[in-house]
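Visitor: Mind looking over this structure? Questions follow.
Number of protein chains: 2
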Amino acid sequence: MRLTTKGRFAVTAMLDLALRHGNGPVTLAGISERQSISLSYLEQLFGKLRRAELVESVRGPGGGYTLAKSADQISVADIITAVDEPVDATQCGGRENCHDNHRCMTHDLWTNLNATIFDYLSKVTLFSLVAEQHAKDSNVMQDKREATPQRARVTPTGAM
Amino acid sequence: MRLTTKGRFAVTAMLDLALRHGNGPVTLAGISERQSISLSYLEQLFGKLRRAELVESVRGPGGGYTLAKSADQISVADIITAVDEPVDATQCGGRENCHDNHRCMTHDLWTNLNATIFDYLSKVTLFSLVAEQHAKDSNVMQDKREATPQRARVTPTGAM
DNA sequence: CAGTAGTTGACTGAATTACTCGGAAATTAG
DNA sequence: CTAATTTCCGAGTAATTCAGTCAACTACTG
Numbered sequence: 000m001r002l003t004t005k006g007r008f009a010v011t012a013m014l015d016l017a018l019r020h021g022n023g024p025v026t027l028a029g030i031s032e033r034q035s036i037s038l039s040y041l042e043q044l045f046g047k048l049r050r051a052e053l054v055e056s057v058r059g060p061g062g063g064y065t066l067a068k069s070a071d072q073i074s075v076a077d078i079i080t081a082v083d084e085p086v087d088a089t090q091c092g093g094r095e096n097c098h099d100n101h102r103c104m105t106h107d108l109w110t111n112l113n114a115t116i117f118d119y120l121s122k123v124t125l126f127s128l129v130a131e132q133h134a135k136d137s138n139v140m141q142d143k144r145e146a147t148p149q150r151a152r153v154t155p156t157g158a159m
Numbered sequence: 000m001r002l003t004t005k006g007r008f009a010v011t012a013m014l015d016l017a018l019r020h021g022n023g024p025v026t027l028a029g030i031s032e033r034q035s036i037s038l039s040y041l042e043q044l045f046g047k048l049r050r051a052e053l054v055e056s057v058r059g060p061g062g063g064y065t066l067a068k069s070a071d072q073i074s075v076a077d078i079i080t081a082v083d084e085p086v087d088a089t090q091c092g093g094r095e096n097c098h099d100n101h102r103c104m105t106h107d108l109w110t111n112l113n114a115t116i117f118d119y120l121s122k123v124t125l126f127s128l129v130a131e132q133h134a135k136d137s138n139v140m141q142d143k144r145e146a147t148p149q150r151a152r153v154t155p156t157g158a159m
C-alpha cells in the first residue's frame, strides 16, 4: 500500500464517475474538465482501472466509462491498489533471511501497519463518499454551519 | 501524509534505536549492519530526524544517536512526517478556486482520509512497537531473560 | 463507408527516490 | 598533541515513478 498523488487522482476521478453514475457513460474529457486532471493522464489511469475491472469502457460516439460494479462495492483501497502497485517494504521480501535473532522485524511491523491502513480504506466505498458529498452540498445550500458530525476531524491545519 | 519506503526505512532505523535504548549512543554503522540500510542513506535520514528533534547525536568515538524523547512519546507519524515531507494532494491548495458547485471535492475527501491515517499512525509509538517485538521474541523463545547488564555496550564485537 | 468520438498503448521530460562519494567538524583515546 | 572515530554536510547519480504527450486504433453514427 502506497499513498501518492497518483492514487488520489484516481480516487477523485472515480468519485466524479460515481457522482454521474446512471446517466450513461462519462467521458474522460469531462472528468478532465471538472477535476482539472490532464486528459492523457486520466487515460493512463483508466487503462489500469479497466484492467482491474473497476470500470467498463464504451467506445465510439456517446461512449466513455461507467462503473463496473455498484458504488458501494468499490472501495478506495481497490482504486489505489489498481493504479498504485504496491512496493515491498521489507528487505527480506517475506523470506526469513534476516540476520540477528529478531527476524523480519520490519516485516511484521509493516504487515500490520499496511493491514490497518488497507482495512480502513477498504471500508471507505465510493458510495459513502458520494453520500458525504451530497450531504455537503445540501449543507452548503441550506445550513452551512454545524452539520458535519460524521467524521472526526483530527488535524486542525490539514497541512500534510 | 505520504507512505513510501523512505518513511519505512526511517521507522525501521528508529525502532532499531529504540530496541537498544539505554545502552548509550548507537552508531549508524551498526544500524546499517543490522537493518541492511545503506550508511549514507541513513546519514541523510538521521539528519532530518535530528532536525525534527526526534533523535540527538553524540559525535566522536563512542558517539552515535539516541532518542531525544522516551519511546512512548515518538510516534510513527512523527517519524514519517520528519523524513517524508508532505505533498499537497488538492489541486486548489486549500483555496476555493475549484470550479463547479462542489468546491474542493477532493480537498475534504483527502483531508478526512489523511486525518484518519495520521491519527492511527500517531497512536502507534516506538514503545508499542518495541513491546510488540519483545512479545514476539518471547513467543518464539519461550523464555527470554530481560537481565541485561548495565554496562554500556559500545563495541561492535567484531561480528563481521 | 467515411468521419468522428473516444479508447488504447507506446513514448517522454521532470521529479523523486535511494544511494554514493568526498570531505569537514567535533570529540575522545592514547 | 595526534590519531581515530563518528557525525555532519553538500554535491552528484542511477533507477524509478510521476505526470503528461502523441500517434494510432476501434467502434459507432450518419
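Quick mapping for you: the protein sequence lines, in order, are chains G and W. Under numbering that gives the first Met the number 0, the residues of the first sequence are numbered 0 to 159, in order. Under numbering that gives the first Met the number 0, the residues of the second sequence are numbered 0 to 159, in order. Just so it is clear, CB atoms sit at the ideal spot from N, CA and C, and this is done for glycine as well.
Excluding the five sequence neighbours on either side, which residues of its own chain have a C-beta within less than 7 Å of the C-beta of residue 70(W), listed in chain order?
Guide: 17, 20, 124, 125, 126 and 129
Visitor: Cutting at 6 Å between CB atoms, please list the residues of its own chain near residue 120(W), excluding the five before and the five after it.
Guide: 75 and 76
Visitor: Between residue 114(W) and residue 113(G), what straight-line distance do the alpha-carbon atoms span, to the nearest angstrom?
Guide: 16 Å
Visitor: Hey, would you say residue 25(W) sits closer than 8 Å to residue 47(W), going by beta carbons?
Guide: no
Visitor: By DSSP, does residue 131(G) sit in helix, in strand, or in coil?
Guide: helix
Visitor: Under a Cβ-count criterion, where at least 16 other Cβ atoms within 10 Å of its own Cβ denotes burial, should residue 118(G) be classed as buried or exposed?
Guide: exposed
Visitor: By the 9 Å beta-carbon criterion, what residues does the stretch 107 to 123 of chain W contribute toward chain G?
Guide: 107, 108, 109, 110, 111, 112, 113, 114, 115, 116, 117, 118, 119, 120, 121 and 123
Visitor: Which chain G residues are close to residue 50(W), counting only those with a beta carbon under 9 Å from its beta carbon?
Guide: Within 9 Å Cβ-Cβ: nothing; residue 50(W) doesn't reach chain G, min ~18 Å.
Visitor: Along the chain, where does the alpha helix (DSSP H) that runs through residue 59(W) open and close?
Guide: Unbroken run through residue 59(W): none, as it is neither H nor E.
Visitor: Can you name the residues that DSSP bridges to residue 2(W)?
Guide: 2(G)
Visitor: Mind listing the chain G neighbours of residue 3(W)? Cutoff is C-beta to C-beta under 7 Å, in chain order.
Guide: 1
Visitor: What are the boundary residues of the alpha helix (DSSP H) that includes residue 82(W)?
Guide: 75 to 82
Visitor: Is it buried or exposed, residue 111(W), if we count other Cβ atoms within 10 angstroms and call 16 or more buried?
Guide: buried
Visitor: Do the CB positions of residue 65(G) and residue 52(G) come within less than 8 Å of each other?
Guide: no
Visitor: Give me, in chain order, the residues of the same chain whose beta-carbon lies closer than 6 Å to that of residue 67(W); leave out the 5 immediate sequence neighbours on both sides.
Guide: Closer than 6 Å at the Cβ level, and outside the excluded window around residue 67(W), lie 52, 53, 54 and 55.
Visitor: What is the rounded straight-line gap between the Cα of residue 27(G) and the Cα of residue 49(G)?
Guide: 13 Å
Visitor: From residue 44(W) to residue 30(W), what does the alpha carbon distance come to, in whole angstroms?
Guide: 12 Å
Visitor: How would you label residue 42(G), buried or exposed, when you count the other beta carbons within 10 angstroms and need 16 or more for buried?
Guide: exposed
Visitor: Run through DSSP, which three-state label would residue 152(G) get?
Guide: The predicted model places residue 152(G) with a pLDDT of 36, which falls under 50 and marks its position as unreliable, so this point remains unresolved.
Visitor: Where does residue 10(W) fall in DSSP's three states?
Guide: Per DSSP, reduced to three states, the secondary structure at residue 10(W) is helical.
Visitor: Take residue 10(G) as the anchor and find which of 73(G), 134(G) and 57(G) has the nearest alpha-carbon.
Guide: In this structure, 73(G) is the residue among 73(G), 134(G) and 57(G) with its C-alpha nearest to the C-alpha of residue 10(G).
Visitor: Flag this pair as yes or no: are the beta carbons of residue 1(G) and residue 2(W) separated by less than 8 Å?
Guide: yes
Visitor: Please classify residue 131(G): is it buried, with 16 or more other beta-carbons within 10 angstroms of its beta-carbon, or exposed?
Guide: buried
Visitor: Tell me the rounded alpha-carbon separation between residue 33(W) and residue 22(W).
Guide: If I take the Cα positions, the gap works out to 16 Å.
Visitor: Please list, in chain order, all residues of the same chain as residue 38(G) whose beta carbon is under 8 Å from its beta carbon, the five residues on each side excluded.
Guide: 27, 28 and 31
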